[in-house]
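*Asks:* Protein sequence lines, in the order shown, are assigned to chains V and Y. Just so you know, the first sequence maps onto residues 1 to 585 in the working numbering. Just so you know, the second sequence maps onto residues 1 to 351 in the working numbering. Questions regarding the structure given below will be posed in turn.
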Amino acid sequence: MASSLVDGNSILAVDVGAANTRAVIFDVVEGEYRFVASGTAPSTAEAPFKDVSEGVRNAIASLQAVLGKTLLDGSRNLITPTQPNGSGVDALVVTISAGPTIRAVLVGLLKDVSLESGRRLVESTYARIVETIGLNDHRKPDQQIDAILRAKPDLIVIAGGTDGGASRSIKKLLEPIGLASFIMPEEKVPAVLFAGNEKIVEDIKALVGSLAPALHVSPNVRPSLETEDLEPAQRELARMVVNIRKRQVKGVELLDLWSGGHILPTAYATGRMVRFLAKVYSADKGILNVDLGASAAVISAGFKSKFTLNVYPQFGLGENLAGLLNYTTLEDILRWSPLDISEGVLRDYLYQKSLYPSTIAATKEDLVMAQSVSRQALYLAMQSARRDFPRDAINIKPTLTPLFDPILAGGGALSDASRPGHSLLLLLDSLQPVGVTTVILDQNNLLPLLGAAAAQNNLLPVQVIESGAFLSVGTVVVPVVSANYGTPILRATLTYENGTEARVDLKYGSLELLPLSSGETGKLTIQCLRGADVGFGPGRGGVITVTGGALGVVFDGRGRPLNLPVDAVRRRELIKKWSWTLGGE
Amino acid sequence: MQAPVHHITGLTSIVRERLLPISGKVLVRLNQKVSPNDVIAEANLAREHVLLDVARILGVTSNMADRLIKCKVDDRLAASAVIAVGKGLFPRSVAAPREGRVVVVGGGQVLMEVGETKTELRAGIAGTVAEIIPNRGAMIQTAGALVQGVWGNGRIDSGLLVNLAEKPEGVLTAGRLDVSMRGFVIIAGMVKDADALKAAADLPVRGLILSGLYPSLIPMAREMRYPIIVTDGFGPLQMNSAAYKLLSTSVKLEATVNAEAYDRYSGARPEVIIPRPISAPPATPHEVETFAPGLQVRMRRPPALGMIGTIVAVKPGLTTLLSGLRAPAAEVKLENGETVVAPLVNLEVVG
């Protein structure tokens, strides 16, 4: 049984990523929770270590060195609770994204109803659908059994039937699942989640439960044709994923023990925070969080009416990187490059990097390729995630990214705080936000850790977020307009707190910057030209309060959708120019 | 910081697990000496299943069908063997459509495994059986030279080594392969075109040891029936000097090319093993080292991708790299005399 952390003071939070493991300490400083320090070490899920707890111990040891405080005992075990001599911590929470992509079989009735909801459910974690069985599947049951056996699933998700609706069809579909699970070797029997018609749960338990002992049941993801409710099933799935990881990856069991069961998949913990932030902070616009790491690209978005969480292992920058070419072309990746790099060199890079996911770019050319790949991976993830955004999300044009404020970004590819301009340009290129938004970098990748801690101590995340633990890059203004390159599209005046003013004339195709330091606010008067729209309506301007950040106020006049010049030389020159504007090289 | 070790070593103890994909019969005993082609375990693998809905065919309830079914789990049935006979004046019957084994009986249905084929597991390397893994296989121990690679096409075979790569940056072309190389394991440098892989298949060879493989050739390399192992990576990469030196000085020796696919979680790696006669078993190599001056390392990313060097100093704290990123790093003196600064995560110890 998990213990409560409410009375705890210091909380150690550990994120076990595919490439790196981070240990972060939150403690009470002057009566409020603060992010105090972090330590990092390479993850050790893979050979030769094959035990994630080793990387966790190394990350905690690195944190110890920063803190000047002992957290591990002589046997390298975590000291809990805090001892009278000041060593140790009061509690531990863990998030994990390390581990092979989970192979999932999806079972449902109709393609556009339960199978679609099931797809969204599976996509909320580090899984890939390797086989789908639905009502329109014309294979015989024995062929379906063979297909399941060939798929070697770690997980089977069954979604089907509205509550009180179809029962015979779904039971019929379950026969091959039960039989396939029964004839698998015990150690390979997949975990099974039933998230369908609640009225037949007992029948399902009788039908599948006796054959597949790993059966879990959650509330229906599709209680009626018009309603989708993924959250309870996502919560159950998160628990199941941790159990699958315990089976697959040594050391997860120990972390579960150390943390008293406070262990969650990283994406789920991130989603929990985004859902919370959307409830607390969001006005009409949505809140967007993106996380681009070695294990996956994760897009979570909170809207007034809906929350979405999409995890794309296929767009992760680690072992699956070579597979990115199944979804895009070398040419499309290279369009983001400021250097003239051949397709062959890029292809070799993708395959080489997938051999060694934890390696980093040590040369400029390598960094350019890494960032071009990151842009395309995040672009593809965002395009995929947009399918699940609600229809009533506020937008300037339905074909463009909806209005978000703020946009948060983290993960290995984005959290490099030494060059916030690089990270911002990457986000502008790949997410293509519109209107006015603030952009915040989670350079210490705190968001999932706060999400993991939130269930135990709901004060901690709020106080840590308010304390400025995230890096505000600034406010971004992106007009939507159709114009020729070089045409003036927007004029703006920034009035600082001390009364001084700065002006910008934004031309189509350019990026401009007005400095505004972190913590400062200013009045931004916007005048839209040529029918440009920043969210006030076509051609309409307005006065808004903007907050500063590492870069200040950034105006992106490059158009939406962003169409890069076809001429490669001109395109590379422009990319260099944009990078210069935002403080890059 | 701890470092993974990439094994390229002239003499070491090698213990390898050889397992059937499913449960089967182990044919060797403890301490038995085995050759690479010896079958050490076998299993019957059924690739298909047939589900017979007896209740529906006979037009009876599931419970009644269960009473009429004559076979039980694990029964082996011949094709056309009667599984159940209905009742009445002209009773209908249900027969096995193919030869197979009964795996499930119940609910008025019978599930059979059909299309069984025998799977044989070979020893792969010459050595001694060090441990029996019941129903699955054995651990085989040997001593010899070991060269690990980064990619393999999943095949395994053995043969005498021949060197067609006169230098580490050699390129294998189809024209360099002739009938005199049939049955050999070939040290081949890098491969840039499909013709070379096809020519090797036509001979056929017993294995190709490549320094680099063009990614576009990966699908074809996977199809080849002979083992292909890549020592350094993808693209125009020369063979690292440690591997080249060891392999090129071992020509005419028997080598096993186990081109097992690299599995980052289990640690399985493609490798070349060259057994050597020994008087006493050598030490087992370390899997992990700690970065320190004097260690021999291999560069896993540019600059100097694939080159071998020696750590001169491990830098304190974080170092700003040429890319602008900051990371723990080391000064590495490369074989060509040049000294570079590389992040520790881009290095692996060679030994």
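Heads up, the beta-carbon is just placed ideally off N, CA and C, and yes, glycines get one too.
Restricting to Cα atoms, I'd like to know which of Y:Val251, Y:Ile133, Y:Cys71, Y:Met299 is closest to Val272 of chain Y.
*Replies:* What you label residue 272 of chain Y is simply residue 272 of the second sequence in a count that begins at 1. Out of Y:Val251, Y:Ile133, Y:Cys71, Y:Met299, Y:Val251 has the C-alpha closest to the C-alpha of Val272 of chain Y.
*Asks:* Taking Glu48 of chain Y as the query, report the chain V residues whose CB atoms sit under 7 Å from its CB, ordered along the chain.
*Replies:* As a first step, residue 48 of chain Y is located in the second sequence; it is residue number 48 there, counting from the start. Those are Asp146, listed as they occur along chain V.
*Asks:* Of all the alpha helix (DSSP H) runs that stay within the bounds of the stretch 237–273 of chain V, which reach a length of 4 or more residues?
*Replies:* Correct list: 252–258.
*Asks:* How big is the Cα-Cα spacing for Met139 of chain Y and Val129 of chain Y?
*Replies:* Residue 139 of chain Y sits at position 139 when you count from the first residue of the second sequence. Residue 129 of chain Y sits at position 129 when you count from the first residue of the second sequence. Near 6 Å, if we compare the C-alpha coordinates of Val129 of chain Y and Met139 of chain Y.
*Asks:* Per DSSP, Cys611 of chain V is paired with what?
*Replies:* Shown here, chain V extends from 1 to 585; a query on residue 611 of chain V therefore has no answer.
*Asks:* Near Glu512 of chain V, which residues of its chain fall below 6 Å by C-beta distance, leaving aside the five closest residues on each side in sequence?
*Replies:* For the purposes of this step, residue 512 of chain V is taken as the residue at position 512 of the first sequence. Once the five neighbours on either side are set aside, the close Cβ partners of Glu512 of chain V are Val504, Leu506, Phe555.
*Asks:* With a threshold of 16 other CB atoms inside 10 Å of the CB of Trp580 of chain V, please say whether the residue is buried or exposed.
*Replies:* As a first step, residue 580 of chain V must be located in the first sequence, where it is residue number 580. Exposed is the call here.
*Asks:* Give me the Cβ distance between Asp15 of chain V and Leu449 of chain V, rounded to the nearest whole Å; I'm assuming they're in contact under 8 Å.
*Replies:* Within the first sequence, numbered from 1, the residue matching residue 15 of chain V stands at position 15. Within the first sequence, numbered from 1, the residue matching residue 449 of chain V stands at position 449. Asp15 of chain V to Leu449 of chain V, Cβ: 6 Å. Contact.
*Asks:* Could you have a look at Val104 of chain Y and say whether DSSP puts it in helix, strand or coil?
*Replies:* Along the second sequence, read from residue 1 onward, the residue named residue 104 of chain Y stands at position 104. Note: Val104 of chain Y maps to strand in three-state DSSP.
*Asks:* Looking only at DSSP bridge pairs, what is Pro42 of chain V linked to?
*Replies:* Taking the first residue of the first sequence as 1, we reach residue 42 of chain V at position 42. Beta-bridge pairing links Pro42 of chain V to V:Asn20.
*Asks:* Could you tell me which chain Y residues have their CB closer than 7 Å to the CB of Ile360 of chain V, listed as they occur along the chain?
*Replies:* In the first sequence, the residue the question calls residue 360 of chain V occupies position 360. Chain Y residues near Ile360 of chain V: Leu325, Ala327, Pro343, Val345, Asn346.
*Asks:* Output, in sequence order along the chain, the residues in the stretch 79–112 of chain Y whose CB is closer than 7 Å to any CB in chain V.
*Replies:* Hits within the stretch, in order: Val103, Val104, Leu111.
*Asks:* Can you have a look at Phe90 of chain Y and say buried or exposed, based on whether 16 or more other CB atoms are within 10 angstroms of its CB?
*Replies:* Here residue 90 of chain Y refers to the residue found at position 90 of the second sequence. Classification of Phe90 of chain Y: exposed, given that the 10 Å Cβ count is below 16.
*Asks:* What residues of chain Y sit near Leu355 of chain V, judged by a beta carbon separation below 7 Å?
*Replies:* The sequence position of residue 355 of chain V within the first sequence is 355, counting from 1. Under the 7 Å cutoff, chain Y gives Val150, Gly233.
*Asks:* Answer yes or no: does any C-beta atom of chain V fall closer than 8 Å to that of Val288 of chain Y?
*Replies:* Counted from its first residue, the second sequence places residue 288 of chain Y at position 288. Cβ-Cβ to chain V under 8 Å: yes for Val288 of chain Y.
*Asks:* Quick one: Cα of Phe315 of chain V to Cα of Val373 of chain V, how far?
*Replies:* As a first step, residue 315 of chain V must be located in the first sequence, where it is residue number 315. As a first step, residue 373 of chain V must be located in the first sequence, where it is residue number 373. The alpha-carbon atoms of Phe315 of chain V and Val373 of chain V are separated by roughly 10 Å.
*Asks:* Can the beta-carbon of Asp157 of chain Y be found less than 8 Å from the beta-carbon of Tyr226 of chain Y?
*Replies:* Reading the second sequence from its first residue, position 157 is the one you call residue 157 of chain Y. Reading the second sequence from its first residue, position 226 is the one you call residue 226 of chain Y. Cβ atoms of Asp157 of chain Y and Tyr226 of chain Y: closer than 8 Å.
*Asks:* Assuming Ser472 of chain V and Gly549 of chain V make a contact with CB atoms under 8 Å, what is their CB distance in whole Å?
*Replies:* Position 472 of the first sequence, counting from 1, holds the residue named residue 472 of chain V. Position 549 of the first sequence, counting from 1, holds the residue named residue 549 of chain V. That belief holds up - the Cβ atoms of Ser472 of chain V and Gly549 of chain V are roughly 4 Å apart, short of 8 Å.
*Asks:* Tell me which same chain residues have a C-beta within less than 8 Å of the C-beta of Ala2 of chain V, skipping the five on either side of it?
*Replies:* Start at 1 with the first residue of the first sequence, and residue 2 of chain V comes out as number 2. Its pLDDT being 40, under 50, Ala2 of chain V is placed unreliably in this model, and the value from its coordinates should be taken loosely. So the qualifying residues of the chain are Gly260, Gly261, His262, Gln456.
*Asks:* Where in the stretch 78–164 of chain V do unbroken runs of the alpha helix (DSSP H), each at least 4 residues long, occur, reported from the N-terminal end onward?
*Replies:* Here the runs fully enclosed are 114–122, 141–151.
*Asks:* Around the C-beta of Val6 of chain V, are 16 or more other C-beta atoms found within 10 angstroms, so that it is buried, or is it exposed?
*Replies:* For the purposes of this step, residue 6 of chain V is taken as residue 6 along the first sequence, with counting starting at 1. Confidence at Val6 of chain V is low in this model, with a pLDDT of 44, below 50, so its placement is unreliable and the value that follows should be read with caution. So Val6 of chain V ends up on the exposed side.
*Asks:* So Leu321 of chain Y contacts chain V; which residues on that side make the cut at Cβ distance below 7 Å?
*Replies:* Mapped onto the second sequence, residue 321 of chain Y falls at position 321. Those are Ala362, listed as they occur along chain V.
*Asks:* So Val464 of chain V is in the alpha helix (DSSP H); what residue range does that whole segment cover?
*Replies:* By one-based count along the first sequence, residue 464 of chain V stands at place 464. Where Val464 of chain V is concerned, the enclosing alpha helix (DSSP H) stretches over 459–466.
*Asks:* When you compare only the Cα positions, how much space is there between Pro293 of chain Y and Pro282 of chain Y?
*Replies:* Position 293 of the second sequence, counted from the first residue, corresponds to residue 293 of chain Y. Position 282 of the second sequence, counted from the first residue, corresponds to residue 282 of chain Y. Distance between the alpha carbons of Pro293 of chain Y and Pro282 of chain Y: 25 Å.
*Asks:* Counting only beta-carbon atoms, is Tyr265 of chain Y nearer than 8 Å to chain V?
*Replies:* Indexing the second sequence from 1 puts residue 265 of chain Y at position 265. Yes - at least one Cβ of chain V is within 8 Å of the one on Tyr265 of chain Y.
*Asks:* In terms of residue numbering, what span does the beta strand (DSSP E) encompassing Pro448 of chain V cover?
*Replies:* Residue numbering aside, residue 448 of chain V sits at position 448 when the first sequence is read from its first letter. Per DSSP, Pro448 of chain V belongs to no beta strand (DSSP E); it is in the alpha helix (DSSP H), 447–454.
*Asks:* Helix, strand or coil for Ile183 of chain V? Go by DSSP, reduced to three states.
*Replies:* The count along the first sequence starts at 1 and reaches residue 183 of chain V at position 183. Note: Ile183 of chain V maps to helix in three-state DSSP.
*Asks:* Count the other CB atoms, across all protein chains shown, that sit within 10 Å of the CB of Ala65 of chain V; report buried if there are 16 or more and exposed otherwise.
*Replies:* In the first sequence, the residue the question calls residue 65 of chain V occupies position 65. Per the 10 Å Cβ criterion, exposed.
*Asks:* What's the gap between the Cα of Asn163 of chain Y and the Cα of Ala385 of chain V?
*Replies:* Counting from 1 along the second sequence, the entry for residue 163 of chain Y is found at position 163. Counting from 1 along the first sequence, the entry for residue 385 of chain V is found at position 385. So the alpha carbons of these two residues sit roughly 52 Å apart.
*Asks:* Just to confirm, are Ala55 of chain Y and Ala41 of chain Y a CB contact at a threshold of 8 Å?
*Replies:* For the purposes of this step, residue 55 of chain Y is identified with residue 55 of the second sequence, where counting begins at 1. For the purposes of this step, residue 41 of chain Y is identified with residue 41 of the second sequence, where counting begins at 1. Not a contact, by the Cβ cut-off of 8 Å.
*Asks:* Find the nearest neighbour of Asp366 of chain V within the set V:Pro338, V:Met382, V:Gln383, V:Leu378, judged by alpha-carbon distance.
*Replies:* Your numbering for residue 366 of chain V matches position 366 in the first sequence. Among V:Pro338, V:Met382, V:Gln383, V:Leu378, the Cα nearest to that of Asp366 of chain V belongs to V:Pro338.
*Asks:* Quick check on DSSP: helix, strand or coil for Gly144 of chain Y?
*Replies:* Locating residue 144 of chain Y in the second sequence gives position 144, counting from the first residue. If DSSP states are grouped into helix, strand and coil, Gly144 of chain Y belongs with the strands.
*Asks:* Please tell me whether Lys304 of chain V has its Cβ less than 8 Å away from any Cβ of chain Y.
*Replies:* Locating residue 304 of chain V in the first sequence gives position 304, where the first residue counts as 1. No, Lys304 of chain V lies away from the interface with chain Y (no Cβ there is under 8 Å from its Cβ).
*Asks:* From the DSSP secondary-structure annotation, give me the bridge partner or partners of His216 of chain V.
*Replies:* On the first sequence, position 216 is the one that residue 216 of chain V refers to. Answer by DSSP bridge pairing, in chain order: V:Leu193.
*Asks:* To the nearest angstrom, how far is the alpha carbon of Leu247 of chain Y from that of Ile187 of chain Y?
*Replies:* The count along the second sequence starts at 1 and reaches residue 247 of chain Y at position 247. The count along the second sequence starts at 1 and reaches residue 187 of chain Y at position 187. For Leu247 of chain Y and Ile187 of chain Y, the distance between alpha carbons rounds to 7 Å.
*Asks:* When you compare the CB of Leu427 of chain V with every CB in chain Y, is at least one pair closer than 8 Å?
*Replies:* Numbered from its first residue, the first sequence carries residue 427 of chain V at position 427. No, its Cβ sits nowhere closer than 8 Å to a Cβ of chain Y.
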